[in-house]
Amino acid sequence: MAHAHPGLDFSFMTYERQLIESHAWLALCFISLVLVMAGLELLSMRDGLAEFLFDATLIGGAAMFGWFAWRRYARIMVVAEFIGDQAYCPACTHYGFRCDGAQHASAPLSARCPKCGHRWQVEQPPGM
Ligand SMILES: [Zn+2]
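Per this note's numbering, the very first residue in the sequence shown carries number -1; after that it's consecutive.
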């Protein structure tokens, strides 16, 4: 299979995709916050009970979705930090590693230093 970026390996593409996904969740969290603020601005009994309930539902739904989006963003960033802390080669301290082909998601990554060729295991975060 040809990669979109020749020379970049599977693990880098996965890492890049996860960072893009995490920031999409952060953007959705921000949009939810704006919806909560708009709902609070509109919340009033002046226009009747139906309008009040609609605005209250908007606030509650946006708040719940915003919390969900924040949790997704935070989880992905914790995983990125956990793996990034192990990305230094134990032999030459070069930052970054390569993986040989696709690996099982729950197993430790078999990492290879692109500078000196040293191999080591990159653990997955517990509970992920
Ligand atoms: Zn190395």
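Ideal Cβ positions, reconstructed from N, Cα and C, are used throughout, including at glycine.
Would the region 81 to 89 count as touching the region 32 to 51 if we require 3 or more Cβ pairs under 8 Å? No, the region 81 to 89 does not touch the region 32 to 51.
Through-space distance from ILE57 to CYS27, alpha-carbon basis: Their Cα atoms are separated by approximately 13 Å.
Rounded C-alpha distance that separates PHE66 from HIS21: Annotation: PHE66 to HIS21 spans about 14 Å, alpha carbon to alpha carbon.
Among all residues, which have a Cβ less than 6 Å from at least one non-hydrogen atom of ligand 1, and in what chain order do they fall? In chain order, the hits are CYS87, ALA89, CYS90, HIS92, CYS111, LYS113, CYS114, HIS116.
Identify, in the order they occur along the chain, each residue of the same chain with its Cβ nearer than 8 Å to the Cβ of GLN16, setting aside the five sequence neighbours on each side. Cβ contact annotation for GLN16 (same chain, cutoff 8 Å, sequence separation greater than five): ILE74, VAL77, ALA78, in chain order.
Check for me: the alpha helix (DSSP H) holding ALA109 runs from which residue to which? From DSSP, ALA109 is part of no alpha helix (DSSP H) but of the beta strand (DSSP E) over 107 to 110.
Label CYS111 either buried or exposed according to how many other C-beta atoms from any shown protein chain fall within 10 Å of its C-beta, with 16 as the threshold for buried. By the neighbour-count rule (16 or more Cβ atoms within 10 Å), CYS111 is buried.
Report all residues from its chain with a CB closer than 7 Å to the CB of ASP98; omit the five preceding and five following residues, and keep chain order. Correct list, in chain order: SER108, ARG110.
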